[in-house]
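Numbering follows UniProt numbering, with no gaps: position 155 of the sequence shown is 155.
One structure is given below, encoded as structure tokens.
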Amino acid sequence: MNAILQNDLNNISAILESVKDLSNTYLENIQGRATSKSNAEFKLSALPQTGLGYVATQQLFEEGFLDNIVASSGPRYWGFVTGGTTPAAIAGDWLAAVFDQNTQSEKGNGDVSAKLELHTIKLLLQLFELPEVFMGAFVTGATMSNFTGLAVARQWYGKQKGYDVAIEGIKSSIKIYTAVPHSSAIKSLAMLGIGSSNVIMIPTLPERECMDTKAFEYMISEHPQEPFILIASGGTVNTVDFDDMQFIASLKRKYHFWWHIDAAFGGFAACAPAYKNLLKGWELADSITVDNHKWLNVPYDSAVIFTRKEHAMLQVQTFQNSNAPYLGDPLQNFTYLNYVPENSRRFRALPAWFTLMAYGKDGHRQIVEHNISLAQQLGEALENSSYFKLAAPVRLNTVCFTIKDTNNAKEKIATLLNELNKRGKVFMTPTVYKSQFCIRAAFVNYRTTTEDVQIAITELKEVYELTK
Ligand SMILES: Cc1ncc(COP(=O)(O)O)c(C=O)c1O
Numbered sequence: 001m002n003a004i005l006q007n008d009l010n011n012i013s014a015i016l017e018s019v020k021d022l023s024n025t026y027l028e029n030i031q032g033r034a035t036s037k038s039n040a041e042f043k044l045s046a047l048p049q050t051g052l053g054y055v056a057t058q059q060l061f062e063e064g065f066l067d068n069i070v071a072s073s074g075p076r077y078w079g080f081v082t083g084g085t086t087p088a089a090i091a092g093d094w095l096a097a098v099f100d101q102n103t104q105s106e107k108g109n110g111d112v113s114a115k116l117e118l119h120t121i122k123l124l125l126q127l128f129e130l131p132e133v134f135m136g137a138f139v140t141g142a143t144m145s146n147f148t149g150l151a152v153a154r155q156w157y158g159k160q161k162g163y164d165v166a167i168e169g170i171k172s173s174i175k176i177y178t179a180v181p182h183s184s185a186i187k188s189l190a191m192l193g194i195g196s197s198n199v200i201m202i203p204t205l206p207e208r209e210c211m212d213t214k215a216f217e218y219m220i221s222e223h224p225q226e227p228f229i230l231i232a233s234g235g236t237v238n239t240v241d242f243d244d245m246q247f248i249a250s251l252k253r254k255y256h257f258w259w260h261i262d263a264a265f266g267g268f269a270a271c272a273p274a275y276k277n278l279l280k281g282w283e284l285a286d287s288i289t290v291d292n293h294k295w296l297n298v299p300y301d302s303a304v305i306f307t308r309k310e311h312a313m314l315q316v317q318t319f320q321n322s323n324a325p326y327l328g329d330p331l332q333n334f335t336y337l338n339y340v341p342e343n344s345r346r347f348r349a350l351p352a353w354f355t356l357m358a359y360g361k362d363g364h365r366q367i368v369e370h371n372i373s374l375a376q377q378l379g380e381a382l383e384n385s386s387y388f389k390l391a392a393p394v395r396l397n398t399v400c401f402t403i404k405d406t407n408n409a410k411e412k413i414a415t416l417l418n419e420l421n422k423r424g425k426v427f428m429t430p431t432v433y434k435s436q437f438c439i440r441a442a443f444v445n446y447r448t449t450t451e452d453v454q455i456a457i458t459e460l461k462e463v464y465e466l467t468k
């Protein structure tokens, strides 16, 4: 063994202590850490011929990078949909690296990681009160989850038309309907060879981001026997609007379609009794995307794809390693490597298992309910402010707002956000909603408090006055 590597191995305990100290310092000071760094400078070194060893490498990292790490898992990082990391999830993630299992097979691999993954899928179904008619798998994020669900949908579509997409490729155009999809669902269609422009857009209700159900039924009733794929939204990214799941569920009795729901973060509404109605009917979907690194507050990279057990064979046809006898017969023994895009896989379920067991249904319900209440607090303050107004009602955990002064709104919002983010106390991202330039603040972090909302309100007012 290389002498430097041997020395590190001999000192692994001291190394882990040092990582623990660095982690503690970071986590204890996360409230005060900047939420963004505009002019980050990095000291980048060439690959050393002789390695530095761990101690010098950590020092190099601390000197060159640490100051520029932003508090994206802190309480005031409200851009995109960025979750935090619970203590138990951090522990699970650390241990996933230590154990370094290759989570492929429930049997024969000599480890329990696939078993624990299947079990964690069941725990998540319990969290969301979904029936065990679903199976599932961990993937890297909601983009890959959408990709996986839609890949199986494509296989299903081929079967309806009498061919096997996995073997023969796509032999016909594929009919896909959607109203307000997340960009990652459209990206998935591009990756799947279906083509990002080959979607039929369903009109939305006025002032809403959900499908106009009447218009949709009218569209599909023209060809009632035709199979199609529907991508529904269980929480749009701008205004967290939900397609009418109950209505779509009722269509399942009349029409022949694969129903995929992107519930990346909106799925967590199922944890909150006052909001779970938004998802009523979703239990009839064929595939559902849920992102753990958003509202479950586990570290990146973690999402799940739920698919109905009755579609397991379609899923295996989609992802099987059909020319690898050493991997076993994919149709005989369940293995994750024939069930998802990746073959070798991280023990990705472990952080999720840790946080689910550590905080239970109540703990995770409280995170969701608290975030919703904070979004409402920010929404109310903005509605009562002289400078801002809501662009849409606060439906769940995201506040989509704009400035009252419509003159040069695009430039003004860009300047305001630039300044706001440069100050580093709170981080938000821009969007365009119904042709209006807007700002989004998404609450998905368990650490966020009412005081953080107050800090943001003060910041917004000061920055507006500074930049108007
Ligand atoms: C509704 C929805 N779907 C999919 C995604 C993509 O998630 P990821 O970046 O984890 O792939 C997002 C991200 O914000 C989202 O909000």
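For every residue, glycine included, the Cβ atom is placed at its ideal position computed from N, Cα and C.
Three-way DSSP call (helix, strand, coil) for residue i in this model
i	result
D262	strand
A56	helix
I403	strand
V180	coil
C271	helix
K468	coil
residue 469	The first residue shown for the chain is 1 and the last is 468, placing residue 469 beyond what the model contains.
R440	strand
V290	strand
M1	coil
G162	coil
residue 478	Given that the chain is displayed from residue 1 to residue 468, the structure contains no residue 478 and the question cannot be resolved.
I305	strand
V463	helix
L205	coil
I231	strand
Y157	helix
F186	According to the sequence as given, residue 186 is Ile; it is not Phe. Here I186 sits in helix by DSSP.
Y446	coil
T239	coil
Y26	helix
F257	strand
T213	helix
Y433	strand
Sub-8 Å separation of residue i and residue j beta-carbons
i	j	result
I248	A263	no
S105	A91	no
A414	F401	no
E226	L130	no
A89	N297	yes
A179	M211	yes
A166	Q155	yes
L279	A269	yes
G195	G234	no
S145	I15	no
F228	L192	no
L356	T120	yes
D8	Y54	yes
T140	A349	no
V133	K309	yes
F388	T35	no
V444	T82	yes
L230	L189	no
N198	S173	yes
Q101	F257	no
T429	R440	yes
Residue i: CB within 7 Å of a non-hydrogen atom of ligand 3
i	result
S73	As far as ligands go, the structure on display features ligand 1 and does not contain ligand 3.
request  = Report yes or no: do three or more beta-carbon pairs, one from the segment 405 to 415 and one from the segment 448 to 459, lie closer than 8 Å?
outcome  = no
Check whether the segment 306 to 319 and the segment 335 to 351 touch, using three or more Cβ-Cβ pairs below 8 Å as the test. The segment 306 to 319, when compared against the segment 335 to 351, does touch it at the 8 Å Cβ threshold.
- Query: Does the segment 455 to 468 touch the segment 413 to 428, meaning 3 or more C-beta pairs lie closer than 8 Å?
  - Reply: Counting Cβ pairs under 8 Å, three or more are found: they touch.
Open item on the list: If contact is defined by three or more beta carbon pairs under 8 Å, each pair taking one atom from either stretch, is the segment 72 to 86 in contact with the segment 285 to 297?
Closed with: yes
Does the pairing of the segment 374 to 390 with the segment 352 to 366 give three or more beta-carbon distances under 8 Å?
no
Check: What alpha helix (DSSP H) runs, 4 residues minimum, are completely inside the segment 335 to 391?
Finding: Taking only runs of at least 4 residues, the alpha helix (DSSP H) segments lying wholly in the segment 335 to 391 are 349 to 383.
Review point. Which ranges does the alpha helix (DSSP H) cover as unbroken runs of at least 4 residues, wholly within the segment 60 to 142, from first to last along the chain?
Key: 87 to 99 and 113 to 127
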